[in-house]
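In this note's numbering, the protein residues as written are 32 to 544.
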């Protein structure tokens, strides 16, 4: 992979490559190996704040970064004229709009669109955008994902794993040196057998991505989307059925369909999650319920109480998710005749400033209903808003994209109230670190952990990496022994779905939450 990237991206020893992805994500392997094997310099960000907004631009210019890999959602928020030092841009993680590539490409800057899953060593195909052939891509909203790199073989198949005719859509299969030999470690065989198949005595990985071939020789792939219910939003993989399962646990909910909503009225070109719910529960009650079960990036932006009887269906009687994905009626309930207070107007002006939207003084919205996410906000822009609240109003409160306009406006009203945020900065510092020593937690002046610790709540158990010495024999160094109580939080639709995610050197008793 790295050698192919060095050749295609033309990485030279004089280049300075930015490691934008955290070491916890597979994309960082691409950045690190590509830079080091080429003899180039690798710039590592010191803090998450340097990865957003104006600080990102300042950091890239300060270190004269020449090569960077970014998701399209972040690229669209940056100004190419402020990053003249960059000569090579790699878009990855999400479908890249064609207009975005045109915006960033010039005679001295090259633009690439890369694709690849973790199961096939991060990168499998690459496409270079060329202004001379841009007219040929006008009919496509997104860039092709390109052609296979060295030592990667591809095929497009139907649901029965038969090759589809040239130019017809089908599932993309990958084979070659980059494909995992062992599959998913610590999981049941059923998952491995479904994802990794043997065809003609060769091991293939089923990506679950719907593609087709284009071009004169049909050697180039264009990506249509996921074949299952997994979508990608702001660089995060999201299983829609997990959101549906969480909503269905709410009392009063009888039916739920979640889609990635994308229509002409969306403020965010990358879409938003919309949940269609049938039942007696209110939207506020459902949101309060699922916020305890799902991470922020999986919370639906739109919650529509709708009888399942009136949802559009296909000829086979199934709910037509494609029609729901472009349903403009989700925006109708967010406009009424409720005038905004002066404080709410002030907060809404801040939203428009962060999201580069034109502020309409005559606009009327429901402050109890409208959220920052519905206006196009995401995890990146919410960080900018938080920084703005700190610098302009000395408000160091917790804000998130799914807070309503009224909730955020109340922060301005209550800015002089004493809130228990003593440990906020310390907590955020720990969360942003790639690793943390448990001994430091116990003896930290910011910790409320008692000296004699007997119960430990371990979050993020499926993504934790314990270095040698952190877990020794039957105990975690400096914390306790086998008599201690460890509580591990795992997310899954049911016990059988959650338990295989964990590999822990102790006896585990599952408890439903």
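The beta carbon of each residue, even a glycine, is placed where N, CA and C say it ideally should be.
- Straight-line measurement puts the Cα of residue 337 at about 8 Å from the Cα of residue 310.
- Per DSSP, residue 197 lies in no alpha helix (DSSP H) and is assigned neither H nor E.
- When the Cα atoms are used, residue 306 and residue 319 turn out to be separated by approximately 14 Å.
- Looking at the DSSP output, residue 207 bridges to 183.
- 132 is the residue among 351, 132, 289, 238 whose C-alpha sits nearest the C-alpha of residue 111.
- The secondary-structure analysis by DSSP pairs residue 252 across a beta bridge with 177, 244.
- The distance from the Cβ of residue 352 to that of residue 288 is about 7 Å, consistent with a contact at the 8 Å cut-off.
- Taking all protein chains shown into account, residue 244 has 16 or more neighbouring C-beta atoms within 10 Å of its C-beta and is therefore buried.
- Between residue 97 and residue 82, the beta carbon gap of about 18 Å keeps them out of contact (Cβ cut-off 8 Å).
- Between the alpha carbons of residue 223 and residue 212 lies a distance of about 11 Å.
- With a 10 Å radius around the Cβ and a threshold of 16 neighbouring Cβ atoms, residue 422 comes out exposed.
- Secondary structure of residue 137 (DSSP, three-state): strand.
- A distance of 9 Å or more separates the beta carbons of residue 283 and residue 252.
- Taking 9 Å as the cut-off, the beta carbon of residue 100 is found closer than this to the beta carbon of residue 58.
- By a beta-carbon distance limit of 8 Å, residue 443 contacts residue 378. Their separation comes to about 6 Å.
- In this structure, DSSP gives residue 263 an extended state, which the three-state scheme calls strand.
- When rounded, the separation of the alpha-carbon atoms in residue 145 and residue 418 is 32 Å.
- By the neighbour-count criterion, in which a residue is buried when 16 or more other Cβ atoms sit within 10 angstroms of its Cβ, residue 130 is exposed.
- Across the set 411, 434, 519, 362, the C-alpha of 411 shows the shortest separation from the C-alpha of residue 86.
- Residue 270 has 261 as its beta-bridge partners, per DSSP.
- Residue burial annotation: residue 68 is exposed, with fewer than 16 other C-beta atoms found within 10 angstroms of its C-beta.
- Separation of residue 204 and residue 214 (C-alpha to C-alpha, rounded to the nearest whole angstrom) is 15 Å.
- When the five nearest sequence neighbours on each side are left out, the beta carbons in the same chain lying within less than 8 Å of the beta carbon of residue 342 are those of 288, 307, 350, 351, 355, in order along the chain.
- For residue 53, the secondary structure class from DSSP, reduced to helix, strand or coil, is coil.
- The shortest CA-to-CA distance from residue 128 to any of 169, 290, 47, 151 is the one to 169.
- Comparing alpha-carbon positions, the option among 409, 41, 250 lying closest to residue 265 turns out to be 409.
- Under the DSSP assignment, residue 440 falls in the alpha helix (DSSP H) whose first and last residues are 436-444.
- In terms of Cβ geometry, residue 325 and residue 385 do not form a close pair [threshold 9 Å].
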